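Peer 1: One structure, pasted below without further comment.
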Amino acid sequence: MGVTRRDFLRLSGAAFMTTAIYELTAQSSALAVEMDQEWKLVNVDETSTICCYCSGGCGTIVSARDGELVNIEGDVDHPINRGGLCSKGSSQFGVNSVYDDKTGDRIINPNRLQKPKVRRAGATDWEEISWEQAIDEIAARIKKTRDENYEAELDGVTVNRCEAIASFGAAALDNEEAYIVQKLGRGLGLTYIEHQARI
Ligand code: SF4
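Mind the numbering: the sequence shown is residues 6 to 204 in my numbering, read in order.
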């Protein structure tokens with residue numbers, strides 16, 4: 006006797022329901038083991054963002070639990086990378102944390118700089134300073150250099166420029182940040198403005 010398409014679907018549905026009812030009611034050891042597992046991404050806050058490394062702009066999902074980073078992975082819904090990350094992007098977790106060779110414990114990456122450092126003229130060591138102090142010192146130097154080197158005219162032609170300062174952006178800047186840096190540079194009269202946005 007032949008089995009029609011309708012018979013096949015009915016028999017498949019019955020078989021599926023029988024299996025499902027058994028799994029939900031019987032003491033299935035496989036089901037019990039799964040339920041005991043601690044899933045890595047349970048109860049996390051997910052934030053979609055962009056890889057911090059190159060201008061490729063691959064989308065990532067950052068998962069955190071109680072404010073602590075748990076996981077970073079490619080965003081499958083992102084139109085650029087469809088969930089894929091290159092080897093550099095896949096290692097973004099290491100920017101925050103590494104695993105201790107001896108204990109195996111996860112620790113904050115000891116090579117990560119969390120405060121600005123400055124090496125004064127003639128000094129051999131780097132000095133740690135606050136963000137406020139760093140911003141104040143950078144602003145004062147920019148103003149002094151611009152005031153001393155600003156040219157309004159050259160040979161009777163208006164130029165309004167300062168050639169003593171250059172701006173060099175990096176791929177870690179996003180579109181909006183790059184726009185603001187560019188605008189600041191043009192406002193100061195800089196002519197040497199470059200941006201490295203290549204892998
Ligand atoms: S470093 Fe890799 S993952 Fe990150 S944006 Fe570039 S290509 Fe994408």
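No residue lacks a Cβ here, since even glycine has one placed at the ideal position from N, Cα and C.
Keep in mind it's a predicted model, so treat the numbers as computed, not measured.
Can you tell me whether DSSP reads ILE134 as helix, strand or coil?
Peer 2: Here residue 134 refers to the residue found at position 129 of the sequence shown. Of the three classes helix, strand and coil, the one that applies to ILE134 here is coil, per DSSP.
Peer 1: Measuring CB to CB, does CYS59 end up less than 7 Å from ALA175?
Peer 2: Mapped onto the sequence shown, residue 59 falls at position 54. Mapped onto the sequence shown, residue 175 falls at position 170. Cβ distance not < 7 Å, so CYS59 and ALA175 don't count as in contact.
Peer 1: The beta strand (DSSP E) that contains TYR197, what's its start and end?
Peer 2: The residue labelled residue 197 in the question sits at position 192 within the sequence shown. Its beta strand (DSSP E) spans residues 195 to 200.
Peer 1: When DSSP builds the beta bridges, which residues end up paired with LYS122?
Peer 2: Along the sequence shown, read from residue 1 onward, the residue named residue 122 stands at position 117. GLU133.
Peer 1: From the DSSP output, in three-state form, read off SER92 for me.
Peer 2: Numbered from 1 along the sequence shown, position 87 holds the residue referred to as residue 92. Of the three classes helix, strand and coil, the one that applies to SER92 here is helix, per DSSP.
Peer 1: Does the distance between the C-beta of LEU90 and the nearest non-hydrogen atom of the ligand SF4 fall short of 6 Å?
Peer 2: On the sequence shown, position 85 is the one that residue 90 refers to. Correct: LEU90 has its Cβ closer than 6 Å to the ligand SF4.
Peer 1: For ILE77, is the classification buried or exposed, using 16 other Cβ atoms within 10 angstroms of its Cβ as the cut-off for buried?
Peer 2: If you number the sequence shown from 1, residue 77 lands on position 72. Buried is the call here.
Peer 1: Can you name the residues that DSSP bridges to GLY161?
Peer 2: Locating residue 161 in the sequence shown gives position 156, where the first residue counts as 1. Partner(s): none; GLY161 has no beta bridge.
Peer 1: Please list, in chain order, all residues of the same chain as HIS200 whose beta carbon is under 7 Å from its beta carbon, the five residues on each side excluded.
Peer 2: Start at 1 with the first residue of the sequence shown, and residue 200 comes out as number 195. These residues qualify, in order along the chain: GLY174, ALA183.
Peer 1: Please tell me whether VAL164 and GLU156 are closer than 7 Å, where the distance is taken between their beta carbons.
Peer 2: For this step, residue 164 is matched to residue 159 along the sequence shown. For this step, residue 156 is matched to residue 151 along the sequence shown. The answer is yes: Cβ separation under 7 Å.
Peer 1: Considering only residues of the same chain and omitting the five flanking positions on each side of LYS93, which have a CB-CB separation below 6 Å?
Peer 2: What you label residue 93 is simply residue 88 of the sequence shown in a count that begins at 1. So the qualifying residues of the chain are TYR58.
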